[in-house]
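Engineer: Right, I'll just put the structure down here and ask away after.
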Amino acid sequence: MSESILLYIKNMLADLIYLNGVIATELIKVTENTATIRHGEEFLNKTTCLAEHNQINKRVIEILKKYQETSELAGLDSHVLNHKTE
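Quick note on this note's numbering: the sequence shown kicks off at 31 and runs consecutively.
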């Protein structure tokens with residue numbers, strides 16, 4: 031394969047990894063919001079879910095950093111890791 035095709039595929043895979051990271055972190059937030067609606071905020075705060083979800087989100091960001099420029103992740107990093115349950 032030519033270098034231009036390989037570069038194109040590499041960039042496409044990096045974009046897909048980024049998009050999957052966004053989907054993964056937002057699905058975690060949807061799960062938290064659903065649990066809060068169903069059981070109440072007190073229930074969610076009593077569980078280990080928030081801490082566990084935060085660890086999962088951090089791991090997703092770490093994986094993304096392997097394949098994306100740090101500057102491209104700044105917005106997602108701060109958005110995901112500073113999300114507050116309201």
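Note that CB positions come from ideal geometry on N, CA and C, so glycine has one too.
Beta-carbon within less than 6 Å of Val110's beta-carbon, same chain only, minus the 5 sequence neighbours each way: which residues are those?
Structural biologist: Counting only Cβ-Cβ distances below 6 Å, and skipping sequence neighbours, we find Thr55, Asn87.
Engineer: Can you name, in chain order, every residue of its own chain whose Cβ lies under 6 Å from the Cβ of His83, other than the five neighbours on each side?
Structural biologist: Excluding positions up to five away in sequence, the list reads Ile58.
Engineer: Mind checking which residues open and close the alpha helix (DSSP H) that includes Lys64?
Structural biologist: Just to set this straight, residue 64 is Thr in the shown sequence, not Lys. Segment 33-69, the alpha helix (DSSP H) holding Thr64.
Engineer: Do Leu94 and Leu80 have their beta-carbon atoms positioned less than 8 Å apart in this structure?
Structural biologist: No, the pair does not count as a contact, with Cβ atoms beyond the cut-off.
Engineer: By the 10 Å Cβ neighbour count, where 16 or more other Cβ atoms means buried, how is Gly105 classified, buried or exposed?
Structural biologist: Looking at its Cβ environment, which holds fewer than 16 other Cβ atoms inside 10 Å, Gly105 is exposed.
Engineer: For Leu49, which residues of its own chain have a beta-carbon under 8 Å away from its beta-carbon, when the five flanking residues on both sides are left out?
Structural biologist: So no residue of the chain qualifies.
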